[in-house]
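Q: Numbering (the working numbering), first residue to last: 24 to 462. Using N, Cα and C, we set each Cβ at its ideal position, and we do this for glycine too.
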């Protein structure tokens, strides 16, 4: 007797001792059990041979086996970014930047941030009766698209706003125009970067960098880190600089105090105090004192005190200073800083023997072109200074101490004694800096 398992995937013969039988009887039993697929020819031949022995018996002899269906794959989302925080970022030269851990995934509007991959159907199986056995059904990805993303008909998932990717694996994806980082920017987070705005509920520490295409708010302090925004930067605490570290914004920069810091912006720098800083902006406004360093502005520098008693620190206040456009371009500054770090790591490598120099007449042509460009820059710089001089000024509302240098355009004036409540501006008649009581 041939019986078929409940799932239809195996057929087996049960033999009891008695009458002699053979292949014909076995074939008849298979037909009676409707077994037509997956018959094991070798097993059938062996069993038919055994049936010639009247004493042979067997509880179960498998004679046919069906084919199981091959499961397919459900649809899935394939991100174009590394998921989760990384141990570091491999750079083009093969080195690893351990500060760049890719915690944030910046995205520009219309940038492809991933793909919906369609489900892949499985392959049918067959039972021993030759009947189709369907594989498990497959489904499309159930990833939820939030307001900051859209999907194309071809499955491409795009950012619909500038910002940073917010991805919950297997659940949802979004691009947020405003990101809140709950903590310090340190080794645990690595550098942060977004094409939107960023709020940091902690400090920016050490050698770490932060860049945002929008505004940046640091609710703690900047202690040696680099912060670059294409909008405004607001620091609730202070700014302390470090080697090759800077704060740069295309808009305004506002903080309580700054020390040993390089701060550049295309708008206004507003501080309570600045100590041994390099400040460069459209306007510089310090409510208490500028002690040491240099404060340069296109329009005006205003402070309560400048320098220190007895000229103990070198302090320069400068107006009618043309800002280098590249310094106001925060994104260019950020990318240039990354490139500089990469080159510094390669500095130990061998240099080309010829130093990359051009030969023959080409060297002369390049040199002449560079000289013309340099001359054009100087001419443009002189014109810009001439336009700024009539309205530019430096104002000290309290005391400007002896030794402070005042610069208006190319004109310089060093105080030889302390002076209070004074404005420095340019007199076009004698073409020199003159002093007047502050307005």
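Near residue 149, which residues of its chain fall below 8 Å by C-beta distance, leaving aside the five closest residues on each side in sequence?
A: 60, 61, 89, 90, 155 and 156
Q: Going by C-alpha distance, which of 112, 272 and 127 is nearest residue 120?
A: 112
Q: Kindly identify the DSSP beta-bridge partner or partners of residue 434.
A: 431
Q: So what's residue 440 in DSSP terms, helix, strand or just coil?
A: When DSSP states are grouped into helix, strand and coil, residue 440 belongs to the coil group.
Q: Per DSSP, what are the beta-bridge partners of residue 232 in this structure?
A: 249
Q: Would you kindly report the start and end of the unbroken beta strand (DSSP E) that includes residue 340?
A: 338-342
Q: Nearest by alpha-carbon distance to residue 308: which of 122, 333, 275 and 325 is it?
A: Nearest to residue 308 by C-alpha distance, out of 122, 333, 275 and 325, is 325.
Q: How about residue 328 and residue 421: do their beta carbons lie closer than 7 Å?
A: yes
Q: Are the CB atoms of residue 235 and residue 217 within a distance shorter than 7 Å?
A: yes
Q: Are there 16 or more other CB atoms within 10 angstroms of the CB of residue 210, so buried, or fewer, so exposed?
A: exposed
Q: For a test of the three-state rule: what should DSSP assign to residue 308, helix, strand or coil?
A: In the structure shown, residue 308 sits in a strand (DSSP, three-state: E or B).
Q: Rounded to the nearest angstrom, what separates residue 193 and residue 288 at their Cα positions?
A: 42 Å
Q: Assuming the contact rule is C-beta atoms closer than 8 Å, residue 294 and residue 417 should be a hit. Round their C-beta distance to whole Å, please.
A: The beta-carbon separation of residue 294 and residue 417, rounded to 16 Å, does not stay under the 8 Å limit for a contact.
Q: Quick check on residue 333: does DSSP put it in helix, strand or coil?
A: helix
Q: Of the choices 162, 433, 52 and 266, whose alpha-carbon is the least far from that of residue 319?
A: A check of alpha carbon separations from residue 319 across 162, 433, 52 and 266 identifies 433 as the nearest.
Q: When you compare only the Cα positions, how much space is there between residue 343 and residue 296?
A: 22 Å
Q: For residue 290 and residue 333, I'd like the C-alpha separation in whole angstroms.
A: 33 Å
Q: Using C-beta distances below 7 Å, list every residue in its chain close to residue 109, excluding the 5 sequence neighbours before and after it, in chain order.
A: 124 and 125
Q: According to DSSP, is residue 72 helix, strand or coil?
A: helix
Q: Compute the beta-carbon to beta-carbon distance between residue 221 and residue 248, rounded to the nearest angstrom, for a pair I have assumed lies under 8 Å.
A: Not a contact, Cβ separation roughly 13 Å.
Q: Taking DSSP's pairing of strands, which residues face residue 298 in a bridge?
A: 282 and 314
Q: With residue 180 and residue 136 assumed to form a contact (beta carbons below 8 Å), what rounded beta-carbon distance in angstroms separates them?
A: 6 Å
Q: Rounded to whole angstroms, what's the CA-CA distance from residue 215 to residue 31? Just pull it up for me.
A: 59 Å
Q: Report the rounded CA-to-CA distance for residue 116 versus residue 267, giving the unit in angstroms.
A: 21 Å
Q: Could you give the first and the last residue of the continuous alpha helix (DSSP H) run that contains residue 50?
A: 46-55
Q: For residue 493, which of helix, strand or coil comes out of DSSP?
A: Given a span of 24 to 462 for the chain in the structure shown, any question on residue 493 remains unanswerable.
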